[in-house]
Structures are given as C-alpha cells and as structure tokens.
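Below is one structure; the comments refer to it alone.
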C-alpha cells in the first residue's frame, strides 16, 4: 500500500499518511490495568523530580505531560505504593538520562558519553560515596533508586539488574557510535543495539522487584525465558519507532528501524509494512517460547506465570502510554489507534 495524501481538517495543504500496523493485536489485545496508587504517586514523584532536577516552568509542564508515572503504573499494576514510587523515580531518571544521548549534548560525542556512563555506573559500587543532588542531580536520582531497590530485592535480582544496567549502557554507547559516524547498519545489527539501548531489560528487573516476583536465578538461564525478555524488548522498540517516526523526521533523527529499511531502498509505506511483518514474527515467537518453558514445580511455575505477564505488560504498557499521553501523536492518538492512519511530514 502506497502512502496516501488527504486534506487537513481545515482543508488547507494536503497531508501525507502511512498505514501503521495494528499494534493492539495478538498478545497486545489484553486490556491494561493501572496501579491504584497512580494518582498519589504521580503527584509526589513529579514534584520531587521537578525539584531535584531543577526543572523550569516549561520543563516541569513537559515532565507532567510525559507522565512516566502512568507508564510505571501500567507496568506494575499490583505493586504497593513504595515500589511504584521507586519505579516512578527511576522512570524520571531514565528519561532525562536517555535524552542526553538521543537529542542532547552526548548524542554524537562518544568520549563524553563513555565518561558519563562510567561515572553513573560507578555509583552502584559498594562503598561509593553518596552523590549529592546539588553536585549531579541525575546521578543522585539513579543512585537513590538503586539504594531503594536494594532494600527489597534479593541479592540475585540485584546482580541481574546491575547486569541489565550495564547492557543498557553498552547499548547507549553503541547508539552514540552509530550516530557519530557514517556507518550504515542492517536490520539485525540495528535491533541488537536498539534492544539494549531502549532500557527494557532493567525495566523488566524493576517490574519483577515491584511485583514481588520470586524466581530462582537458574530460570533466567533458560533459553525460552531469555527469548520472552528479548521479544518484550523488541516489541517495545518497534512500537516506539513506529510512533516516534514523524517526530524523528521533524528533528532529523535517523535512529529508527523505518530509516534502516528506507536506506535499503524501500518506500515509506513498504518500510512500515516490513515492521508490521516483524511484529507478526515476534508474536509468533512469543507463543513458541511459551511452549518451550519447562515445568519447574508448582511454586516456581506460579511465579513464572507472573513473570510472563510482567514481560508482556512492559510492551503493553508502553503502547497504551504512548497513545494516551500524546508523547508522539499529540491529540491524534485516538484517531490513529482507530484508523491506523498516521500523518507524516
């Protein structure tokens, strides 16, 4: 299907549209649940983030509109207030931290990016001095959430979370390397970098903590469980790239799977259709992975069922949050959801 043009609501200049995938199909057709502590935690977490990060009035408004607490509330609908607050604080950290590499001063400076990454990672080390908010607000928030996480997370979960953070940081650095050079990457290489850089893996670990899931470490070495984690991350990546595409076009950002396909000679609509095929493949492999999960006994299996929901809900929550907060589509979210027609520049 070719990209089509239509009139704007006022009948002015024609707008170009692409037909996007039905991202609410298959395992994403489940109705999401929102944590009952959402409204209270949103108010408190945003007030704290605005203060600690010294956001001005315009930045504070943008922070509230982004509503990352809502995303956390979709990811951990059964978490208690304390755990949701830790997750919300972490979400504020990751969004402002990530912005430095996506569209900020570190996006095409590999050396400065590496320096920031190493300094942030060091705050997780035992015996590292407590970072003062006045010295480095972002590192302060990151270290603070890590210390809160340690109070309730098992030693094994702490170890896995730290490894996920390291992988996330590695992915961010690969993203900066690609952005700063003229290297053309293929789909597989792009997804390998993207699935780490998007930060879903540490978010899965935080969701495990917030939901109170207790699983032995050995289950995370199971290939089927690793596949579920990967699929959750890849679905989230593709959702973001579809919905952020026109924002990326406007900002001149090419770190998007659609651009990877475009550079292979596909038209805009053909590239979007190729991503649709990727979604369908991921849904299929989700069910194949479920079929490969071995039974470990009643207690472990009960927790594993919770964890499966946890991985799915990360992608599901991201989808609903993206449409409902207007982060990418403004006021057009409901219309785009219904028609699957998205205007592009």
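Numbering (the working numbering), first residue to last: 125 to 469. Each residue gets a CB set at the ideal place from its N, CA and C atoms; glycine is no exception.
Straight-line gap, residue i to residue j (C-alpha atoms, nearest Å)
i           : j           : result
residue 313 : residue 460 : 30 Å
residue 257 : residue 290 : 23 Å
residue 178 : residue 216 : 13 Å
residue 381 : residue 156 : 26 Å
residue 135 : residue 324 : In this predicted model, residue 135 has a pLDDT of only 47, less than 50, meaning its place in the structure is not dependable enough to derive any value.
residue 261 : residue 224 : 14 Å
residue 443 : residue 342 : 30 Å
residue 302 : residue 378 : 10 Å
residue 399 : residue 458 : 21 Å
residue 385 : residue 164 : 43 Å
residue 286 : residue 186 : 30 Å
residue 171 : residue 297 : 31 Å
residue 309 : residue 315 : 10 Å
residue 413 : residue 208 : 29 Å
residue 428 : residue 368 : 32 Å
residue 406 : residue 418 : 20 Å
residue 299 : residue 235 : 13 Å
residue 251 : residue 462 : 53 Å
residue 277 : residue 220 : 25 Å
residue 376 : residue 383 : 11 Å
residue 440 : residue 150 : 11 Å
residue 499 : residue 408 : No information on residue 499 is available, as it lies outside the stretch 125 to 469 that the chain covers here.
residue 392 : residue 140 : 11 Å
residue 253 : residue 271 : 12 Å
residue 484 : residue 174 : Outside the modelled stretch of the chain, which goes from 125 to 469, sits residue 484, for which no answer is possible.
residue 264 : residue 255 : 5 Å
residue 374 : residue 169 : 31 Å
residue 455 : residue 366 : 17 Å
residue 321 : residue 358 : 11 Å
residue 317 : residue 243 : 21 Å
residue 222 : residue 388 : 28 Å
residue 238 : residue 194 : 31 Å
residue 451 : residue 248 : 31 Å
residue 346 : residue 279 : 19 Å
residue 226 : residue 421 : 44 Å
residue 288 : residue 182 : 33 Å
residue 154 : residue 192 : 21 Å
residue 411 : residue 311 : 23 Å
residue 350 : residue 148 : 23 Å
residue 259 : residue 266 : 13 Å
Cut-off 8 Å between Cβ atoms - residues of its own chain near residue i, not counting five sequence neighbours on either side
i           : result
residue 435 : 328, 352, 353, 355, 356
residue 464 : 143, 144, 145, 146
residue 281 : 329, 332, 333
Beta-carbon separation (whole angstroms), residue i vs residue j, contact threshold 8 Å
i           : j           : result
residue 480 : residue 284 : Absent from the structure is residue 480, since the part of the chain shown begins at 125 and ends at 469.
residue 218 : residue 273 : Not quite, the Cβ-Cβ distance comes to about 13 Å (not below 8 Å), so this is no contact.
residue 446 : residue 394 : Actually they do not touch by this definition, with Cβ atoms about 23 Å apart.
residue 162 : residue 213 : The pair is not a contact, with the Cβ atoms about 14 Å apart (cut-off 8 Å).
residue 424 : residue 340 : 7 Å
residue 396 : residue 176 : With a Cβ gap of about 39 Å, residue 396 and residue 176 do not count as contacting.
residue 189 : residue 449 : 7 Å
residue 430 : residue 335 : 6 Å
residue 370 : residue 467 : 7 Å
residue 159 : residue 197 : 4 Å
Contacting residues, own chain, Cβ-Cβ under 7 Å from residue i (five flanking each side not counted)
i           : result
residue 293 : 241, 245
residue 438 : 199, 324, 327, 328, 331, 356, 360
residue 390 : 398
residue 295 : 317, 320, 321
Cβ shell of residue i (< 6 Å), same chain only, five flanking positions each side left out
i           : result
residue 145 : 400, 403
residue 331 : 199, 200, 434
residue 167 : none
residue 416 : 348
residue 337 : 427, 430, 431
residue 304 : 232, 234
residue 453 : 460
residue 372 : 380
residue 133 : The predicted position of residue 133 is uncertain, since its pLDDT is 46 and thus under 50; no value can be drawn from it.
Considering only residues of the segment 339-421, which uninterrupted beta strand (DSSP E) runs meet the minimum length of 3 residues and lie entirely inside it, listed in chain order? none
Would you check if the segment 197-212 and the segment 231-244 touch, i.e. whether three or more CB-CB distances between them fall below 8 Å? no
What are the start and end residues of each continuous alpha helix (DSSP H) run of 4 or more residues lying completely inside the segment 219-306, in chain order? 234-246, 261-276, 279-304
Whole runs of the alpha helix (DSSP H) within the segment 431-464, excluding any shorter than 4 residues: 457-463
Fully enclosed by the segment 164-202, which alpha helix (DSSP H) runs are 4 residues long or longer? Those alpha helix (DSSP H) runs which fall completely within the segment 164-202 and span 4+ residues are 181-190, 192-199.
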